[in-house]
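A.B. asks: Here's a structure for you.
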Amino acid sequence: RHSALRQSFPEGGGAGTEAEARLVATVTHCFQVCGQWAEALDYLEHLLRKQLAAAIGKEVSPADFAEYMCFHNRKLFADGYSPSPFCFPVRRSEHHSPEGTVSIEEQVVRGSGEPSISSPISTLVARSAGQHPMQFPLGASTTVSFAGDRYLHAWLAHQFSTQPAPKVSLVSRARQFSSMIVLVGRIASATVFEPKHAAIVQNKDELSIPLELSTIPTPKEFKDAIESLSPEQQAFAKAFRAMQLESTLFGILVVQIKPQLEKVLNLPENSLTKEIKLTQELMQLFIKYQIPSDLLSFDTEGLEMVGGASTVERLEAVRSHVAAMQAMIDKAKNEEVEERRREAVYDNPFGKGGGCSWGDDGSDMMMDSFAAGGGCMGGMAGGMARSALKKRSGAPRGSAPAPAAPMMMRCAAAPPPPPAAAMCCEVSLSAAAAAAPPPSPQPQQQQ
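Written out as structure tokens, the structure is:
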């Protein structure tokens, strides 16, 4: 190759020299050798992949690898320390049935052609009884303290580089006639829980909240990233990372409603367990109408002197308070409906809702057209109604009308306002009298 280049590029001045031609040829040859080497490695990897798939019998997906890790953990960890599914029943004690369940489920991505299913994630769990209470703020002036069992979970997620990130959701399910409060937030410190979202799950509700997962750099990656920064920037980056490490602990708080209702209503423990109707009515008053608990609770003042009240007496007192509050709410609803109806009649006194009916001697005859319109008839409509009344009474055409009792008119379903209804009746009577044709050319005195 070099001898051929020496003959093609003689020594002397020109556009290209022999040295440059040798350099180009050498670089091109190296590029071709590297390409052939990469192709050879790809071919060998493809052969190994086919052999591994043939040995296993299928291509391993993230779901298959997760199943293998569960199998491996069962052999690696002792009983009581192996990862368990994140799915917990919510119950007061072992003697009570569960109010519902709380779980974190992952949508498992399987191979092509297989449907994706959701299953609880497997976590390492550490349980503690909670020796000191924690608290979370409801607002700027209200703080709630809570205690109870606490669980710390660690989850090891598996993801292939060619697969998308797993979809994880917090799922809470409640049974019929059961209720609980689910709060989602983060653990700010050993005694502070910062809730971000909260929901009441009751009566066969199913709450699903998607969780977006994000990763932070490892200590080595973080150190390499800030190595070229100034000292001030490095200090700020370290302080910000410390905040991230302290406030990225995800927390879930479950509050059972029935025990809290018994406390705020001054009822004995487990007294609302079988009071399903009373519990549902209390939930409606507290959630829908925002009734204060003091108006429904049992009054315990003065009972210490006489020995206190029994559970039945306390329940009956709360039940009577609930009945009185519901009666007041129903009365307020009826008054509001009546007020809206009066406003509608006042805004449109001649429209639907406040009509007048014609009849002879107090009869209940109603004109079809008037009933359809629902308003008072006057002018030409009154004359047509008068003629229709004549036809229905059987009077022959052209005969003089016999003196009869004056036509009476009743205003129906429009008591407010009285002046408008009276004006409606007077206009209709005058219009009906004016529309009646005289039987003879002699003038008659109008009543």
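Converting from the sequence shown to my numbering requires adding 12 to each position, the first position being numbered 1. Where a beta carbon is used, it is the ideal one built from N, C-alpha and C, also for glycine.
Once the 5 residues before and after P132 are set aside, which same chain residues still bring their CB inside 8 angstroms of it?
C.D. replies: The sequence position of residue 132 within the sequence shown is 120, counting from 1. Same-chain partners within the cutoff: P97, F98, C99, S115, I116, E117, E118.
A.B. asks: Throw me the rounded Cβ distance for the H209 and F77 pair, which I believe falls under 8 angstroms.
C.D. replies: Here residue 209 is taken as the residue at index 197 of the sequence shown, counted from 1. Here residue 77 is taken as the residue at index 65 of the sequence shown, counted from 1. No, H209 and F77 are not in contact; Cβ-Cβ is about 32 angstroms, not under 8 angstroms.
A.B. asks: What's the gap between the Cα of M81 and the Cα of A166?
C.D. replies: Start at 1 with the first residue of the sequence shown, and residue 81 comes out as number 69. Start at 1 with the first residue of the sequence shown, and residue 166 comes out as number 154. Cα-Cα distance, rounded: 15 angstroms.
A.B. asks: Can at least three beta-carbon pairs, one atom from the region 344-351 and one from the region 293-311, be found at a separation below 8 angstroms?
C.D. replies: In the pairwise beta carbon analysis, the region 344-351 is classified as not touching the region 293-311: fewer than three pairs are separated by under 8 angstroms.
A.B. asks: Which class does A211 belong to by DSSP, given the choice of helix, strand or coil?
C.D. replies: Counting from 1 along the sequence shown, the entry for residue 211 is found at position 199. The answer is strand: DSSP assigns A211 an E or B state.
A.B. asks: Could you give the C-beta distance for Q214 and S181, rounded to a whole number, given that I count them as a contact under 8 angstroms?
C.D. replies: Here residue 214 corresponds to residue number 202 of the sequence shown, with the count starting at 1. Here residue 181 corresponds to residue number 169 of the sequence shown, with the count starting at 1. About 20 angstroms; that fails the 8 angstroms criterion.
A.B. asks: With distance defined between alpha-carbon atoms, name the residue in G160, Y93, V183 nearest to V130.
C.D. replies: The residue given as residue 130 occupies position 118 in the sequence shown. A small fix is needed here, since residue 130 is Ser in this sequence, not Val. Of the candidates G160, Y93, V183, the one whose C-alpha sits nearest the C-alpha of S130 is V183.
A.B. asks: Assign G112 to one of three DSSP states: helix, strand, or coil.
C.D. replies: The residue given as residue 112 occupies position 100 in the sequence shown. Strand at G112.
A.B. asks: Buried or exposed: which applies to L277, given that a residue is buried once 16 or more other Cβ atoms fall within 10 Å of its Cβ?
C.D. replies: Counted from its first residue, the sequence shown places residue 277 at position 265. With 16 or more other Cβ atoms within 10 Å, it is buried.
A.B. asks: S128 to E71, Cα distance in whole Å?
C.D. replies: As a working note, residue 128 is residue 116 in the sequence shown. As a working note, residue 71 is residue 59 in the sequence shown. One Cα belongs to S128, the other to E71, and the distance between them is close to 16 angstroms.
A.B. asks: What would DSSP say about A16, mapped onto helix, strand or coil?
C.D. replies: Taking the first residue of the sequence shown as 1, we reach residue 16 at position 4. Under the three-state reduction of DSSP, A16 is assigned to helix.
A.B. asks: When you compare the CB positions of E106 and Q268, do they come within less than 8 angstroms of one another, or not?
C.D. replies: Working through the sequence shown from its first residue, we reach residue 106 at position 94. Working through the sequence shown from its first residue, we reach residue 268 at position 256. No, they are not a contact pair.
A.B. asks: I'd like to confirm the pairing. Which residues does DSSP put opposite R162 in its beta bridges?
C.D. replies: Along the sequence shown, read from residue 1 onward, the residue named residue 162 stands at position 150. In the DSSP output, where bridge partners are listed per residue, R162 has S140.
A.B. asks: A8: buried (16+ other C-beta within 10 angstroms of its C-beta) or exposed?
C.D. replies: Since the displayed the chain opens at 13 and closes at 459, residue 8 lies outside it and no answer follows.
A.B. asks: Below 8 angstroms on the Cβ atoms is my contact criterion, and I expect I193 with I212 to pass it. Report the Cβ-Cβ distance as a whole number of Å.
C.D. replies: By one-based count along the sequence shown, residue 193 stands at place 181. By one-based count along the sequence shown, residue 212 stands at place 200. Cβ-Cβ separation between I193 and I212: approximately 6 angstroms, consistent with a contact (criterion under 8 angstroms).
A.B. asks: Measuring CB atoms only, is the region 86-97 touching the region 41-56, in the sense that at least three cross pairs come out at less than 8 angstroms?
C.D. replies: Contact fails between the region 86-97 and the region 41-56, because fewer than three Cβ pairs, one in each stretch, are under 8 angstroms apart.
A.B. asks: Buried or exposed, going by whether 16 or more other CB atoms sit within 10 Å of the CB of L257?
C.D. replies: Start at 1 with the first residue of the sequence shown, and residue 257 comes out as number 245. Counting the other CB atoms within 10 Å of its CB gives L257 a total below 16, which places it among the exposed residues.
A.B. asks: Using a 10 Å radius around the Cβ and a threshold of 16 neighbouring Cβ atoms, would you call F148 buried or exposed?
C.D. replies: Taking the sequence shown and counting its residues from 1, one reaches residue 148 at position 136. Under this definition F148 is a buried residue.
A.B. asks: So, for P145: in the same chain, excluding its five sequence neighbours on each side, which residues have a beta-carbon less than 7 angstroms away from its beta-carbon?
C.D. replies: Sequence index remark: in the sequence shown, residue 145 carries index 133 (1-based). So the list reads S157, F158, A159, once near-sequence residues are dropped.
A.B. asks: Which residue wins for smallest C-alpha separation from A202, given the options L273, E244, G263?
C.D. replies: Walking along the sequence shown from the start, residue 202 turns up at place 190. Ranking the options by Cα distance to A202, first place goes to G263.
A.B. asks: So, do the region 31-50 and the region 14-22 have three or more beta carbon pairs nearer to each other than 8 angstroms?
C.D. replies: Enough Cβ pairs lie closer than 8 angstroms, so yes.
A.B. asks: For R198, which option in E233, K275, L265 has the closest C-alpha, if you only look at C-alpha atoms?
C.D. replies: Mapped onto the sequence shown, residue 198 falls at position 186. The shortest Cα separation from R198 among E233, K275, L265 belongs to L265.
A.B. asks: With 16 other CB atoms within 10 Å as the buried threshold, where does A291 fall?
C.D. replies: Mapped onto the sequence shown, residue 291 falls at position 279. The amino acid at residue 291 is misidentified as Ala; the sequence shows Thr. Result: buried.
A.B. asks: A249 to V196, Cα distance in whole Å?
C.D. replies: What you label residue 249 is simply residue 237 of the sequence shown in a count that begins at 1. What you label residue 196 is simply residue 184 of the sequence shown in a count that begins at 1. Computed Cα separation, rounded: 28 angstroms.
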